[in-house]
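J.:
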Amino acid sequence: MSEWQPSLRSAVEPFHVMEVMRAAAARQQTHGDMILLCVGQPSTPAPRPVLDAVHAVLESDALGYTVGDGIPALREAIAAHYRSTYDVPVTMDEVLVSTGSSGGFSTVLLAAFDPGARVAMARPGYPAYRNTLRALGIQPVEIDCGPATRFQLTVELLERAHAEAPLDGVIVASPANPTGTLIAPGEFAAIASWCTSQRVLLLSDEIYHGITFGAAAQTARAVSEDAVVLGSLSKFWSMTGWRVGWNLLPRGLRRPVDVLQGNLAICAPAVSQYAAVAAFSPESTDELRRHVDRYAVNRELLLRRLPELGIDSFAPPDGAFYAYCDVSYLTDDSKQWCAEVLDRTGVAIAPGVDFDPVHGNRFVRLSFCGTTDDLDEAIDRLVAIV
Ligand SMILES: Cc1ncc(COP(=O)(O)O)c(C=O)c1O
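This is the structure we're talking about:
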C-alpha cells in the first residue's frame with residue numbers, strides 16, 4: 034500500500050520545545066551538564082498524602098473504569114476547593130473530571146462549537162489552544178497582545194476583533210503561559226460581562242491558579258455563571274503525569290461534555306482520581322505552598338539577574354513559573370538562538386515561536402520551576418556567553 038495520507042486537520046504545528054527537549058537529552062548524554070529552563074512542569078512529585086493514597090488504593094480497589102464524570106468524592110473535593118478558596122457557591126453537579134485539562138479542553142470545544150466557529154485567544158499564548166482549535170475545525174482568532182496590556186486580552190481588543198467578524202468564544206488564562214501575567218480583576222469582570230452580553234462563550238484556563246506572587250488569581254466562576262472553567266492538578270499540585278483535570282460547566286454544556294467524554298475517554302485514570310482526593314487535604318496544601326515559596330525565590334533571583342543578560346524587556350510574572358523575555362537585541366531567530374545556547378552552555382530554553390508564530394522569533398520563555406541553585410548556575414553560564 035502506498036503511504037497513507039494523513040487528514041488535513043492533523044496538519045497542526047508540533048511543540049517546538051519538544052525539539053529542544055530532545056536536543057537537551059542528547060546534550061545530557063554527551064556532557065552530563067544540562068539545565069532545563071524550558072519545561073513547564075514542577076520537578077517535585079505529588080504531595081505526600083497523594084502518594085500514600087495511591088499505595089492504599091492499589092491494594093484495595095480493582096481500579097476499573099469509574100463513572101464518566103469522575104468519582105463523586107473527587108468532584109465534591111474540587112467543588113469544596115472552589116467554595117473555600119474563592120468563596121463561590123460551586124456544587125459537585127457543575128464539576129466534570131477530565132484527563133488533564135487538555136482532555137477537558139477538547140471535549141468542551143467539541144461540545145460548545147461547530148466547525149467554522151471563531152474563538153479568540155491572546156498571542157502569545159499556550160500553543161495547544163491554537164492547534165487543538167484547528168484540529169477540530171474551529172478558527173483560532175489570535176489577537177496580538179503586547180507589553181501595553183501585559184500580554185493579556187482586554188474588552189477593547191475583543192470588541193475590535195468581534196467587529197471585524199463575530200466571535201463565538203474567547204479563551205483567557207490568568208496567570209498565562211508563557212508570560213505569567215494576570216488579567217487585572219476589573220478587566221476580568223469586564224471581559225466576562227462583555228462575553229455574556231455578546232453571547233460569546235468564555236473559557237477560563239485556570240491551570241496556574243495557586244501559583245501567584247502577589248494578588249491571588251480570580252476564578253471566572255466568581256464573575257460569570259456562563260463561563261467554562263478549566264482546572265488541573267498538573268501545576269500547583271505538582272501532578273502533571275497523573276492526568277487529572279476538571280471543567281466547571283454552565284448547565285447547557287454539562288450533558289454534552291459528559292457524553293463526549295464518555296465516548297472519547299470513558300473516564301479519567303481511576304488510580305489518579307482516587308489518589309487525587311488527598312491532593313485537597315490541608316497537609317497537601319501546606320507541602321505545595323512550600324513549592325510556591327521556592328518559585329517566589331526563583332522569580333526574585335531571575336528578576337534581579339536578567340539585566341545581567343541585557344534582558345530588561347519583559348513583564349514581571351504575577352504567577353505561574355515563566356518569564357517571557359524579549360531577546361531581539363541578541364537574535365531575530367529565537368529557535369536558532371536557543372539551539373546555540375544549548376550547544377554552548379548546556380542550558381535549555383524555550384523559543385518564543387511556540388507561543389507566538391508572528392513575533393516569537395524575538396522572544397524566549399524561561400521557566401523557573403526547578404531548583405534555585407540550578408537557576409543561578411544557568412544564569413552564570415548565560416552571562417558568560419552574551
Ligand atoms: C496554559 C496551559 N493550559 C493547559 C495546559 C495543559 O495541562 P494539563 O493537560 O496537564 O492539565 C498547560 C500545560 O503546560 C498550560 O501551560
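Numbering (my numbering), first residue to last: 34 to 419. We treat Cβ as the ideally placed atom computed from N, Cα and C, and that holds for glycine.
#1: Taking F396 as the reference, which of D407, G403, C402 and A383 has the closest Cα?
#2: Please state if the CB of L335 and the CB of A408 are separated by a distance shorter than 8 Å.
#3: I believe A144 touches I171 by the beta-carbon criterion, under 8 Å. Please report the beta-carbon distance rounded to the nearest angstrom.
#4: What are the boundary residues of the alpha helix (DSSP H) that includes V188?
#5: With a cut-off of 8 Å on the beta carbons, I'd call W275 and S317 a contact; round off their distance for me.
#6: Apart from the five residues on each side of it in sequence, which residues of its chain come closer than 7 Å, Cβ to Cβ, to S43?
#7: Touching or not, the region 324 to 339 and the region 370 to 380, by the rule of three or more beta carbon pairs under 8 Å?
#8: Going by DSSP in three states, I216 sits in which element: helix, strand or coil?
#9: Give the secondary structure of D177 by DSSP, where H, G and I count as helix, E and B as strand, and everything else as coil.
#10: Keeping to the same chain, check which residues put their C-beta closer than 6 Å to that of R183; ignore five residues upstream and five downstream.
#11: Tell me whether W279 is buried or exposed, calling it buried when 16 or more other Cβ atoms sit within 10 Å of its Cβ.
#12: Straight-line CA distance for S361 to N394?
#13: Just checking my contact of A79 with M272 at CB under 8 Å: how many whole Å lie between their CB atoms?
#14: Is it true that the CB of L70 sits closer than 8 Å to the CB of L282?
#15: When you compare only the Cα positions, how much space is there between N296 and R81?
#16: Between A181 and chain D, is the shortest Cβ-Cβ distance under 8 Å, so that the two count as touching?
#17: Any idea if V262 is buried or exposed, counting beta-carbon neighbours within 10 angstroms, 16 or more meaning buried?
#18: Do the region 201 to 208 and the region 236 to 253 make contact, defined as three or more Cβ pairs closer than 8 Å?
#19: Assign V130 to one of three DSSP states: helix, strand, or coil.
#20: Given that a residue counts as buried once 16 or more other Cβ atoms are within 10 Å of its Cβ, and exposed if not, what is A36?
#21: Name the DSSP beta bridge partners of Y241, please?
#22: If you run the structure through DSSP and keep just helix, strand and coil, what is D359?
#23: Could you give the C-beta distance for L236 and V141, rounded to a whole number, given that I count them as a contact under 8 Å?
#24: Between E341, T405 and L266, which lies nearest to R332 when the distance is taken from Cα to Cα?
#25: Along the chain, where does the beta strand (DSSP E) containing D204 start, and where does it finish?
#26: Look at the alpha carbon of G352 and the alpha carbon of P218, and state the distance between them as a whole number of angstroms.
#27: Below 8 Å on the Cβ atoms is my guess for C300 versus T99; work out the distance and round it to an integer in Å.
#28: Please report the residue range of the alpha helix (DSSP H) in which V50 lies.
#29: Between which two residues does the beta strand (DSSP E) holding S265 run?
#30: So what does DSSP say about L339, is it helix, strand or coil?
#31: State yes or no: is the C-beta of V83 within less than 8 Å of the C-beta of A311?
#32: Below 8 Å on the Cβ atoms is my contact criterion, and I expect L166 with I176 to pass it. Report the Cβ-Cβ distance as a whole number of Å.
#33: Write down the C-beta distance between N164 and V72 rounded to the nearest angstrom, noting that I regard them as a contact closer than 8 Å.
#34: Can you find a heavy atom of ligand 1 that lies under 7 Å from the Cβ of G133?
#35: For ligand 1, is there a heavy atom less than 7 Å away from the beta-carbon of G352?
#36: Using the Cβ count rule (16 or more neighbours within 10 Å means buried), how would you classify R232?
T.: With the structure as the only source:
#1: Checking every option, the nearest Cα to that of F396 belongs to A383.
#2: It should be noted that the sequence gives Leu, not Ala, for residue 408. Yes, Cβ-Cβ distance for L408 and L335 is below 8 Å.
#3: No, A144 and I171 are not in contact; Cβ-Cβ is about 12 Å, not under 8 Å.
#4: V188 to E197
#5: Going by Cβ atoms, the distance from W275 to S317 rounds to 13 Å, so no, they are not a contact pair.
#6: A168
#7: no
#8: coil
#9: Note: D177 maps to strand in three-state DSSP.
#10: T214 and A348
#11: buried
#12: 8 Å
#13: Confirmed, about 5 Å.
#14: With respect to the 8 Å criterion, L282 and L70 are not classified as neighbours on the basis of their beta carbons.
#15: 33 Å
#16: In the structure shown, chain D cannot be found, because there is only a single protein chain.
#17: With 16 or more other Cβ atoms within 10 Å, it is buried.
#18: yes
#19: strand
#20: In the sequence on display, residue 36 carries Glu and not Ala. Counting Cβ neighbours within 10 Å, E36 comes out exposed, since fewer than 16 surround it.
#21: Bridge partners of Y241: none, in fact.
#22: strand
#23: 7 Å
#24: T405
#25: Going by the sequence as given, residue 204 is Ile instead of Asp. From DSSP, the beta strand (DSSP E) with I204 extends over G202 to A206.
#26: If I take the Cα positions, the gap works out to 14 Å.
#27: The beta-carbon separation of C300 and T99, rounded to 5 Å, stays under the 8 Å limit for a contact.
#28: H49 to H64
#29: V261 to S265
#30: helix
#31: yes
#32: Actually they do not touch by this definition, with Cβ atoms about 14 Å apart.
#33: With a Cβ gap of about 19 Å, N164 and V72 do not count as contacting.
#34: For G133, the Cβ falls inside the 7 Å cut-off from some heavy atom of ligand 1.
#35: no
#36: Around the beta-carbon of R232, fewer than 16 other beta-carbon atoms lie within 10 Å, marking it exposed.
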